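So the structure is just underneath, and the comments pick up after that.
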Amino acid sequence: MSKVSLAKDKIKILFLEGLHQSSVDTLVAQGYTNIEFLTTSLPEEELIEKIKGVHFIGIRSRSQLTEKVFANANKLIAVGCFCIGTNQVDLDAAKEKGIVVFNAPYSNTRSVAELVLGEILLLIRGVPEKSAKAHKGIWNKSATGSFEARGKTLGIIGYGHIGTQLGILAETLGMTVNFYDIETKLTLGNASQVATMDELLATSDVITLHVPENAGTQDMIGANQFAQMKQGAIFINASRGTVVDIDALAKALESKKLAGAAIDVFPVEPKSNNEEFVSPLRGFDNVILTPHVGGSTQEAQKNIGIEVSGKLAKYSDNGSTLSAVNFPEASLPEFGGRSRLLHIHANQPGVLTKINESFAKHNINIAAQYLQTDDKLGYVVIDVETDDSKLALKELKLIPGTIKARLLH
Ligand SMILES: NC(=O)c1ccc[n+]([C@@H]2O[C@H](COP(=O)([O-])OP(=O)(O)OC[C@H]3O[C@@H](n4cnc5c(N)ncnc54)[C@H](O)[C@@H]3O)[C@@H](O)[C@H]2O)c1
Ligand SMILES: O=C(O)[C@H](O)COP(=O)(O)O
1 MSKVSLAKDK
11 IKILFLEGLH
21 QSSVDTLVAQ
31 GYTNIEFLTT
41 SLPEEELIEK
51 IKGVHFIGIR
61 SRSQLTEKVF
71 ANANKLIAVG
81 CFCIGTNQVD
91 LDAAKEKGIV
101 VFNAPYSNTR
111 SVAELVLGEI
121 LLLIRGVPEK
131 SAKAHKGIWN
141 KSATGSFEAR
151 GKTLGIIGYG
161 HIGTQLGILA
171 ETLGMTVNFY
181 DIETKLTLGN
191 ASQVATMDEL
201 LATSDVITLH
211 VPENAGTQDM
221 IGANQFAQMK
231 QGAIFINASR
241 GTVVDIDALA
251 KALESKKLAG
261 AAIDVFPVEP
271 KSNNEEFVSP
281 LRGFDNVILT
291 PHVGGSTQEA
301 QKNIGIEVSG
311 KLAKYSDNGS
321 TLSAVNFPEA
331 SLPEFGGRSR
341 LLHIHANQPG
351 VLTKINESFA
361 KHNINIAAQY
371 LQTDDKLGYV
381 VIDVETDDSK
391 LALKELKLIP
401 GTIKARLLH
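The UniProt record's numbering numbers the first residue of the sequence shown as 1 and each following residue consecutively.
This is the structure:
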């Protein structure tokens with residue numbers, strides 16, 4: 001058989017944003033050695049040039065994979081988001097081109113929960129302000145505005161992986177944990193779900209956000225919501241910058257409605273460590289500002305590298321799309337001595353029948369076949385004898401509705 005599948009060392013991989021070394025090691029250990037590694041994100045125009053000819057791209061939260069970028073991604077097979085959030089990727093545009101997107105849904109959960117827990121303890125004691133004063137030579141030994149976390153109420157908005165883990169940790173400090181979520185959630189520990197966000201805002205001593213960025217969460221906390229909070233409440237956002245109206249937050253701090261805040265994410269974030277951080281929140285001594293480092297621990301980054309590179313390698317090696325965020329999920333067995341073909345098509349009636357008719361016509365024996373669909377896409381995986389694979393690929397490409405057809409091996 002002449003070789004029509006791509007050798008592993010010909011598969012071009014582009015990693016942006018300084019991924020952990022484990023991301024590279026995991027792929028190299030599986031034979032994928034053609035990796036370009038950049039430490040920064042790229043502006044759209046540069047990315048458009050750079051992505052041409054790339055088969056796999058790995059990013060974190062800063063790289064914007066827009067429709068325009070995907071339109072120029074002539075060889076792209078899959079995207080690895082080496083983080084939780086996938087809002088930086090136009091998932092529909094990727095899907096329309098048959099490009100699978102993976103992420104790491106849990107690997108940095110604990111790191112964010114620990115950071116927020118630490119911030120709660122520091123803010124409730126007024127430590128950031130006292131520390132800032134001490135640095136200026138001001139000795140402010142006083143218990144005014146300084147409290148224990150024990151017995152206080154933590155209000156969590158978004159009770160998902162991070163929110164639940166934080167809730168458990170906060171309970172060990174003796175905090176009462178309430179949460180608001182648009183879904184009815186199984187509560188962990190002694191947490192209580194409240195019916196409305198207004199109720200949560202009005203009853204919490206500390207409010208922390210753990211929602212994703214989407215149309216429903218855009219500016220969900222603004223002047224109206226700050227007005228409903230308790231006088232002297234503490235506010236934390238380590239979710240996404242677009243969730244909070246940052247000018248309204250600055251006003252709530254200026255007016256002393258809030259006793260303090262910790263903010264890790266911003267509506268506009270510097271593209272690299274060389275760019276200045278500009279924000280109306282600079283200069284408040286009672287505000288902890290961190291440069292989007294909620295998930296930036298050695299443990300999280302190492303695990304994310306192994307997890308997401310592992311998913312990319314598995315998709316490349318055997319077609320598994322398990323835990324893809326924009327694609328029908330298929331968990332597939334190994335294909336032994338045969339060849340495996342992948343066929344991604346628009347989910348319209350009759351595609352599988354046409355494939356099977358075409359293979360029958362050409363006497364291509366199907367050893368195994370798997371089909372997964374969602375509202376837009378159909379994903380068929382077919383194992384055939386290696387001698388038939390080249391013809392099978394040619395026939396697959398002719399099926400109406402085909403978005404991508406590939407021979408894995
Ligand atoms: N600062 C960081 O470095 C960092 C690290 C990891 C994750 N994040 C952000 O944190 C977010 C949450 O992470 P997660 O793993 O807990 O996600 P998750 O998907 O497990 O949980 C999100 C929860 O928010 C709820 N939700 C969605 N819309 C809501 C709304 N309008 N009101 C109330 N609840 C709503 C969902 O039902 C879900 O329970 C991520 O989407 C990501 O953007 C930031
Ligand atoms: O979505 C996430 O996991 C966090 O926002 C972390 O993003 P980062 O990898 O860019 O730090």
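Glycine included, every Cβ here is placed at the ideal spot set by N, Cα and C.
Source: prediction; values computed, not measured.
Secondary structure at Thr172: helix, using DSSP grouped into helix, strand and coil. Shown here, Ser192 sits in a strand according to DSSP, grouped into three states. If you compare the alpha carbons of Ser23, Gly31 and Val89 with that of Asn214, the shortest gap goes to Val89. Going by C-alpha positions, Val244 is about 29 Å away from Thr39. Rounded to whole angstroms, the gap between the alpha carbons of Asn72 and Ile156 is 41 Å. Ligand 1 approaches Arg240 closely enough that one of its heavy atoms is under 6 Å from the residue's Cβ. Judged by DSSP secondary structure, Val243 falls outside any alpha helix (DSSP H); it is assigned neither H nor E. Ligand 1 approaches Thr217 closely enough that one of its heavy atoms is under 6 Å from the residue's Cβ. Taking C-beta separations shorter than 7 Å and ignoring five residues to either side along the sequence, the partners of Ile35 in its chain run Ile13, Phe15, Val24 and Leu27, following chain order.
Residue state for His161 is assigned as helix, using DSSP reduced to three classes.
Residue pairing by DSSP puts Cys81 in a beta bridge opposite Ile59.
In the structure shown, the three-state DSSP call for Glu395 is helix.
Take the alpha-carbon of Ser316 and the one of Ser279: they are about 42 Å apart. Asn224 counts as exposed, since fewer than 16 other beta carbons sit within 10 angstroms of its beta carbon. Within the same chain, Cβ atoms closer than 8 Å to the Cβ of Glu171 are found at Val177, Gly189, Asn190 and Ala191, the five residues on either side in sequence being excluded. If you draw a 10 Å sphere on the C-beta of His20, you find 16 or more other C-beta atoms in it, and that means buried.
In this structure, Asn214 has its CB at a distance of at least 6 Å from all heavy atoms of ligand 2. Straight through space, the alpha carbons of Thr109 and Arg406 are spaced by roughly 35 Å. Per DSSP, the beta bridge partners of Thr373 are Gly378. Taking 7 Å as the cut-off, the Cβ atoms of His345 and Ile288 do not count as close. Scanning the region 292-349 for uninterrupted alpha helix (DSSP H) segments of 4 residues or longer gives 298-318, listed from N- to C-terminal end. Ranked by how close their Cα comes to the Cα of Leu76, the residues Phe82, Val101, Lys133 and Phe284 have Val101 in first place. Here Leu6 carries a coil assignment [DSSP, helix/strand/coil]. Take Lys10, set aside five residues on each side of it, and no residue of its chain has a beta-carbon closer than 6 Å to its own. When C-beta atoms of the region 290-303 are compared with those of the region 40-54, fewer than three pairs fall below 8 Å, so the two segments do not count as touching. Inter-segment contact for the region 232-243 and the region 263-277 is present: three or more beta-carbon pairs are separated by less than 8 Å.
Using a 10 angstroms sphere on the CB of Glu49, the tally of other CB atoms stays under 16, which defines it as exposed.
Excluding residues up to 5 positions away in sequence, Cys81, Phe82, Cys83, Ile84, Asn303, Ile304, Glu307 and Val308 lie with their Cβ nearer than 8 Å to the Cβ of Ala104 in the same chain.
Secondary-structure assignment with DSSP links Leu121 through no beta bridge to anything. Contact between Glu299 and Ser111 is confirmed by a C-beta separation of about 7 Å, below the 8 Å threshold. Distance between Lys185 and Gln193, taken at the CA atoms: about 8 Å. Taking 6 Å as the cut-off, the C-beta of Asn273 does not count as close to any heavy atom of ligand 2. Residue side-chain check: Asp181 places its Cβ nearer than 6 Å to a non-hydrogen atom of ligand 1. Following the DSSP letters along the chain, one finds Glu36 in no alpha helix (DSSP H) but inside the beta strand (DSSP E) bounded by residues Ile35 to Phe37. For Ser339, the CB contacts under 6 Å within the same chain, skipping 5 residues up- and downstream, are Val384, Thr386, Ser389 and His409 in chain order. For Asn224, the enclosing alpha helix (DSSP H) starts and ends at Ala223 to Gln228.
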